[in-house]
Amino acid sequence: MWLYIVAALTILYANQVEAQTKLRLCSNNQTVSVEISSGGMNCQCQIAPQDPVVRDDYIHTPGIGSHKIYTDAKNWNDARKACNKDDAHLAIINSKAEELLLVDMLKRAEKSIKNALNQEEALLGAHDLYQEGEFVTIFGEPLASTGHVHWAASYWGGQPDNYGGNQNCVAIINQGGMDDVNCRDKFAYICELPIPC
Numbered sequence: 003m004w005l006y007i008v009a010a011l012t013i014l015y016a017n018q019v020e021a022q023t024k025l026r027l028c029s030n031n032q033t034v035s036v037e038i039s040s041g042g043m044n045c046q047c048q049i050a051p052q053d054p055v056v057r058d059d060y061i062h063t064p065g066i067g068s069h070k071i072y073t074d075a076k077n078w079n080d081a082r083k084a085c086n087k088d089d090a091h092l093a094i095i096n097s098k099a100e101e102l103l104l105v106d107m108l109k110r111a112e113k114s115i116k117n118a119l120n121q122e123e124a125l126l127g128a129h130d131l132y133q134e135g136e137f138v139t140i141f142g143e144p145l146a147s148t149g150h151v152h153w154a155a156s157y158w159g160g161q162p163d164n165y166g167g168n169q170n171c172v173a174i175i176n177q178g179g180m181d182d183v184n185c186r187d188k189f190a191y192i193c194e195l196p197i198p199c
């Protein structure tokens with residue numbers, strides 16, 4: 003919300019003093035930069051992301067984020083809705099370190115996973131529901147733009163494989179890497195608190 007306020011105030015100010023305005027909005031948890039130029043004078047402001055949200059029921063790892071694994075299995079859409087109720091989203095892997103963290107969380111939780119197709123996978127926030135083979139995050143960004151894409155090369159002959167022609171959602175595997183799964187099948191799932199900008 004504050005981001006829109008900063009943008010609106012910047013534009014209003016620039017219009018009143020006939021200034022040139024450059025505004026770079028927060029994307030992928032980066033800073034917001036505002037530059038106003040008028041009559042040979044420059045004013046620059048940078049606003050960094052806020053401190054991450056830390057909750058007792060989520061595991062917070064500095065530099066990576068806050069995550070929670072749910073062991074009562076759901077299909078992908080129900081898992082997505084459950085994360086939203088937490089003011090979170092299905093996890094999106096942005097680094098090898100985050101992948102290793104989520105694999106560790108999954109391995110620790112395996113014995114307590116209930117009602118799942120298997121205990122070796124947990125749903126993530128990515129899919130190719132719009133176009134087969136074009137994986138995107140739950141925010142509609144190309145999966146390749148997340149900073150880390152690692153499909154499991156040896157799991158069931160290599161992933162993604164769209165087995166049966168209907169595997170459009172993404173899960174992480176306990177041995178590392180991602181697998182495309184049927185969105186209707188039930189798995190454990192991992193939620194991630196957004197890093198506020």
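Count along the sequence shown from 1, add 2, and you get the number used in our numbering.
Just so you know, even glycine gets a beta-carbon here, dropped at the ideal spot from N, CA and C.
Are the beta-carbon atoms belonging to residue i and residue j less than 7 angstroms from one another?
| i | j | result |
| --- | --- | --- |
| residue 100 | residue 175 | no |
| residue 188 | residue 77 | yes |
| residue 197 | residue 104 | no |
| residue 61 | residue 92 | no |
| residue 96 | residue 129 | no |
By the three-class DSSP mapping on this structure, what secondary structure does residue i have?
| i | result |
| --- | --- |
| residue 196 | coil |
| residue 58 | coil |
| residue 187 | coil |
| residue 74 | strand |
| residue 79 | helix |
Based on DSSP bridge pairs, tell me the residues matched to residue i.
| i | result |
| --- | --- |
| residue 63 | 67 |
| residue 181 | 173 |
Just the Cα atoms here: how many angstroms apart are residue i and residue j?
| i | j | result |
| --- | --- | --- |
| residue 152 | residue 146 | 10 angstroms |
| residue 73 | residue 111 | 7 angstroms |
| residue 113 | residue 177 | 15 angstroms |
| residue 116 | residue 186 | 16 angstroms |
| residue 154 | residue 182 | 10 angstroms |
Runs of 4 residues minimum, wholly inside the region 83-159: which ones carry the alpha helix (DSSP H) assignment?
Those alpha helix (DSSP H) runs which fall completely within the region 83-159 and span 4+ residues are 98-111.
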